[in-house]
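*Asks:*
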Amino acid sequence: MPMIELMAEHQRISILISLSDSPDYGLNSSILGDILDKYSIGCSRDQLHTQLDWLEQNGYITVNRMTKSTWVADITQAGLDVAKGRVVAHGIKRPGPRSQQ
3 MPMIELMAEH QRISILISLS DSPDYGLNSS ILGDILDKYS IGCSRDQLHT
53 QLDWLEQNGY ITVNRMTKST WVADITQAGL DVAKGRVVAH GIKRPGPRSQ
103 Q
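Here the sequence shown stands for residues 3 to 103, where the numbers follow this note's numbering.
Next up, the structure:
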């Protein structure tokens, strides 16, 4: 698998997990960018928006485009199912087991 596809799959599951862990199931693109940077899978704002577009087009999130650079993403039930590992989705890395906190 080409590196760009591997990175995209990791970025997508990290976005979904982050949204699922958020108290209101949503985060803005600036916070999501910081989260991806924290896990060494960061990308440009344009690349992040490309991943958010992909997730939205496939029904895993909804996106409110507040400004050109600030978007707010909310997870859908389909996205939550992928983030929790209940559904395997092509183009998104399957999450590993997570410890109960």
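Virtual Cβ for every residue (Gly too), placed ideally from N, Cα, C.
Are there three or more Cβ pairs, one per stretch, closer than 8 Å when the stretch 83-99 is compared with the stretch 37-53?
*Replies:* They do not touch, by the three-pair rule.
*Asks:* May I ask you to report which of helix, strand or coil DSSP gives Gly35?
*Replies:* Taking the sequence shown and counting its residues from 1, one reaches residue 35 at position 33. Three-state result, Gly35: helix.
*Asks:* Starting from Arg67, trace the beta strand (DSSP E) both ways and give me its first and last residue.
*Replies:* The count along the sequence shown starts at 1 and reaches residue 67 at position 65. It spans Ile63 to Arg67 - the beta strand (DSSP E) in which Arg67 sits, taken as one unbroken run.
*Asks:* Could you pull out every residue in the same chain whose Cβ sits closer than 7 Å to the Cβ of Ser71, ignoring the five residues on either side in sequence?
*Replies:* Taking the first residue of the sequence shown as 1, we reach residue 71 at position 69. The residues are Arg47.
*Asks:* If you measure between the beta carbons of Asp55 and Thr64, is that distance less than 8 Å?
*Replies:* Position 53 of the sequence shown, counted from the start, is the residue given in the question as residue 55. Position 62 of the sequence shown, counted from the start, is the residue given in the question as residue 64. No, the pair does not count as a contact, with Cβ atoms beyond the cut-off.
*Asks:* Would you report the Cα separation of Ser32 and His51, rounded to the nearest angstrom?
*Replies:* Here residue 32 is taken as the residue at index 30 of the sequence shown, counted from 1. Here residue 51 is taken as the residue at index 49 of the sequence shown, counted from 1. Distance between the alpha carbons of Ser32 and His51 is about 11 Å.
*Asks:* For the alpha helix (DSSP H) holding Ile94, just list the boundary residues, first then last.
*Replies:* Counting from one through the sequence shown, the residue named residue 94 turns up at place 92. Run containing Ile94: none; DSSP gives neither H nor E here.
*Asks:* In the DSSP assignment, what residue or residues form a beta bridge with Asp76?
*Replies:* Position 74 of the sequence shown, counted from the first residue, corresponds to residue 76. For Asp76, which the question treats as bridged, DSSP gives the partners Gly28 and Thr64.
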